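Single-structure report; data block below.
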Amino acid sequence: MSGRILCSLDELAEGEPRGFSLAGELPLELILLRRGGQVLAYRNRCPHTGINLEWLPDQFLDHSGRYLQCATHGALFRPEDGYCLRGPCAGYALEALPVVVKEGQVVLEE
Ligand code: FES
Numbered sequence: 002m003s004g005r006i007l008c009s010l011d012e013l014a015e016g017e018p019r020g021f022s023l024a025g026e027l028p029l030e031l032i033l034l035r036r037g038g039q040v041l042a043y044r045n046r047c048p049h050t051g052i053n054l055e056w057l058p059d060q061f062l063d064h065s066g067r068y069l070q071c072a073t074h075g076a077l078f079r080p081e082d083g084y085c086l087r088g089p090c091a092g093y094a095l096e097a098l099p100v101v102v103k104e105g106q107v108v109l110e111e
């Protein structure tokens with residue numbers, strides 16, 4: 002299997018994003034989100050300052066539970082495409098990362 006296994010699909014609850022830190026030559030922080038039967042991944046990096054979105058582990062949602070949120074500035078991002086609707090980076094988007102589900106595993110493609 003090419004790519005990097007992040008977790009098993011069973012470890013991702015619908016609508017509950019999780020953060021991952023990958024070490025190695027190219028360290029990467031990312032957010033995984035299972036939504037409507039799909040698994041989405043974004044780089045955990047706000048488009049305007051480059052900081053991580055969360056203050057506490059896996060706390061990526063706003064109080065409504067509908068949007069990904071920057072804990073520092075309250076910017077809101079649509080979970081389906083990472084687009085920033087409100088905040089200092091409005092009009093920009095989180096960087097989407099290619100993930101697939103193979104044999105029950107969530108895999109970050111090369
Ligand atoms: S760092 Fe960009 S909205 Fe907070």
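Residue numbers (the working numbering): 2 to 111.
C-beta: ideal position from N, C-alpha, C; glycine also.
This one's a predicted model, so the numbers in the text were calculated from it and none came from an experiment.
For residue i, the three-state DSSP class (helix, strand or coil)
| i | result |
| --- | --- |
| residue 15 | strand |
| residue 57 | coil |
| residue 77 | strand |
| residue 98 | coil |
| residue 85 | strand |
For residue i: DSSP bridge partner residues
| i | result |
| --- | --- |
| residue 22 | 30 |
| residue 72 | Paired residue(s): none; residue 72 is not in a bridge. |
| residue 52 | Residue 52 pairs with nothing; no bridge assigned. |
| residue 43 | 32, 97 |
| residue 8 | 107 |
Assumed close pair residue i, residue j - CB separation to whole angstroms, cut-off 8 angstroms
| i | j | result |
| --- | --- | --- |
| residue 92 | residue 75 | The Cβ separation is near 16 angstroms, so there is no contact. |
| residue 4 | residue 111 | 6 angstroms |
| residue 102 | residue 10 | 5 angstroms |
Cβ shell of residue i (< 8 angstroms), same chain only, five flanking positions each side left out
| i | result |
| --- | --- |
| residue 81 | 36, 41 |
| residue 100 | 7, 33, 40, 41, 42, 107, 108, 109, 110 |
Cutoff 6 angstroms; reference residue i; Cβ partners in own chain excluding five residues on either side
| i | result |
| --- | --- |
| residue 48 | 90, 93 |
| residue 19 | 33, 59 |
| residue 29 | 23 |
| residue 70 | 63, 77 |
Residues of its chain near residue i, where Cβ-Cβ distance is below 7 angstroms and the 5 sequence neighbours each way are ignored
| i | result |
| --- | --- |
| residue 55 | 20, 61, 72 |
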